[in-house]
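Residue numbers for the sequence shown, in the working numbering: 70 to 335.
Backbone N, C-alpha and C fix where the C-beta goes; we use that ideal spot for every residue, glycine too.
Written below as structure tokens is the structure these notes are about.
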Amino acid sequence: MTEHPPVETWLTDMDGVLVHEEHAIPGATEFIEALKAAGRPFLVLTNNSIYTARDLRARLLASGIDVPEESIWTSAMATAQFLADQRPQGTAYVVGEAGLTTALHDVGYILTSRKPDYVVLGETRTYSFEQITQAIRLIEKGARFIATNPDVSGPSTEGTLPATGSVAALISTATGRQPYYVGKPNPLMMRSALNRLEAHSETTVMVGDRMDTDMVSGLEAGLRTVLVLTGSTRPDHVELFPYRPTAVMDSIADLVPIVESGGPIA
Numbered sequence: 070m071t072e073h074p075p076v077e078t079w080l081t082d083m084d085g086v087l088v089h090e091e092h093a094i095p096g097a098t099e100f101i102e103a104l105k106a107a108g109r110p111f112l113v114l115t116n117n118s119i120y121t122a123r124d125l126r127a128r129l130l131a132s133g134i135d136v137p138e139e140s141i142w143t144s145a146m147a148t149a150q151f152l153a154d155q156r157p158q159g160t161a162y163v164v165g166e167a168g169l170t171t172a173l174h175d176v177g178y179i180l181t182s183r184k185p186d187y188v189v190l191g192e193t194r195t196y197s198f199e200q201i202t203q204a205i206r207l208i209e210k211g212a213r214f215i216a217t218n219p220d221v222s223g224p225s226t227e228g229t230l231p232a233t234g235s236v237a238a239l240i241s242t243a244t245g246r247q248p249y250y251v252g253k254p255n256p257l258m259m260r261s262a263l264n265r266l267e268a269h270s271e272t273t274v275m276v277g278d279r280m281d282t283d284m285v286s287g288l289e290a291g292l293r294t295v296l297v298l299t300g301s302t303r304p305d306h307v308e309l310f311p312y313r314p315t316a317v318m319d320s321i322a323d324l325v326p327i328v329e330s331g332g333p334i335a
């Protein structure tokens, strides 16, 4: 049996792990406070590219969860970092909201519709036919196609909403070009988070509620993974996947004693 080292760094998904809509999941506040009290580096990850880290901090704080702004890492931020590494000081045509445009501005990108290096697609509640048409034509003229994440739908109080992956499929059908997705389940999202914390995969754990995104991206990045059963993946569905998380727990509350003790996760 391999002896696992203690956990020094934590990555955790947000929706379905810490919050449901605007309500904290029991144990979420205690988990974050235990991390801060123990001095454990951590990041809260989300594929949502609509909001800035400051917006998400305010949302979590309203739910009673105090996460520092610098401890939030979104697919928009990971996308911006990826593009800055690939093509510094580049240009992009963006279909998305403030979370994405702010992240790109922060890495020195210029947003333009005139011969951009990239078309970057993110989430928005106001997809327009005009924007999508512009994106299609720019890709046809040679712009590289990037999407923040492959999620095809998202929840709302009124029901399902189309998300980035659905609109990306529309653009791909029209252009014959597939995007490069940066967010989960791409392990690049995890690697960029580890780099931000200057952490090592061997001593980091990813906590999530989805087998098809959180667990697979953590696994492929070399992290130990914990599935919590407060979100998307039902207990009876875990065995349907060809890979397993390191541990399955009822909720984030079950991890508080582990954080406090600094013990390993088997």
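Asked, Found
"Please check the pair Thr78 and Ile134, which I expect to be a contact at CB under 8 Å, by giving their CB distance rounded to whole angstroms.", "With a Cβ gap of about 19 Å, Thr78 and Ile134 do not count as contacting."
"What's the C-alpha gap between Pro248 and Thr181?", "19 Å"
"Given this structure, state the Cα-to-Cα distance separating Thr273 from Leu80, to the nearest angstrom.", "7 Å"
"Is Ala127 helix, strand or coil when you go by DSSP?", "helix"
"Just the C-alpha distance for Met70 and Ala316, rounded to the nearest angstrom, thanks.", "Confidence in Met70 is poor, its pLDDT being 45 and thus under 50, which makes the residue's placement unreliable; the coordinate value appears in the next sentence. So the two alpha carbons sit approximately 16 Å from each other."
"Report the rounded CA-to-CA distance for Asp124 versus Ala131, giving the unit in angstroms.", "11 Å"
"What does a CB cutoff of less than 8 Å around Tyr162 pick up in its chain, not counting 5 residues either side in sequence?", "Leu180, Thr181, Ser182, Pro185, Tyr187, Val188, Val189, Gln203, Ala204, Leu207, Ala212"
"Could you pull the start and end residues of the alpha helix (DSSP H) that Ile141 belongs to?", "Segment 141-143 is the beta strand (DSSP E) holding Ile141; no alpha helix (DSSP H) there."
"Given the structure, does Asp319 come close to the ligand NAD, in the sense that its CB is under 6 Å from one of the ligand's heavy atoms?", "Absence of the ligand NAD from the depicted structure is noted, as is the absence of any ligand whatsoever, leaving it without description."
"Where does Phe100 land, buried or exposed, given buried means 16+ other C-beta within 10 angstroms?", "buried"
"Alpha carbon to alpha carbon, how far is Gln244 from Ser286?", "Note that residue 244 is Thr in the sequence shown, not Gln. About 28 Å."
"Just how far apart, CA to CA, sit Met318 and Val295?", "7 Å"
"Give the DSSP-derived three-state secondary structure of Phe310 in the structure shown.", "coil"
"What three-state label does DSSP hand Val221 in the structure shown?", "coil"
"Count the other CB atoms, across all protein chains shown, that sit within 10 Å of the CB of Glu192; report buried if there are 16 or more and exposed otherwise.", "buried"
"Just curious, the alpha helix (DSSP H) that Ala204 is in, first and last residue?", "198-209"
"Should Ser140 and Ser118 be called a contact, given that it needs their Cβ atoms to be closer than 7 Å?", "no"
"Please state whether the Cβ-Cβ distance between Met83 and Thr121 is less than 7 Å.", "no"
"To which residues does DSSP link Gly331 through a beta bridge?", "DSSP lists no partner for Gly331."
"Using a Cβ-Cβ cut-off of 8 Å (strictly less than) and excluding sequence neighbours within five positions of Leu257, which residues of its own chain qualify?", "Ala147, Phe151, Val251"
"I'd like to confirm the pairing. Which residues does DSSP put opposite Thr273 in its beta bridges?", "Thr78"
"Are there 16 or more other CB atoms within 10 angstroms of the CB of Ser197, so buried, or fewer, so exposed?", "exposed"
"According to DSSP, what are the bridge partners of Arg30?", "Residue 30 lies beyond the residue range present for the chain, which begins at 70 and ends at 335; the question has no answer from this structure."
"Quick check: the Cα distance between Ser261 and Met275, rounded to an integer number of angstroms?", "13 Å"
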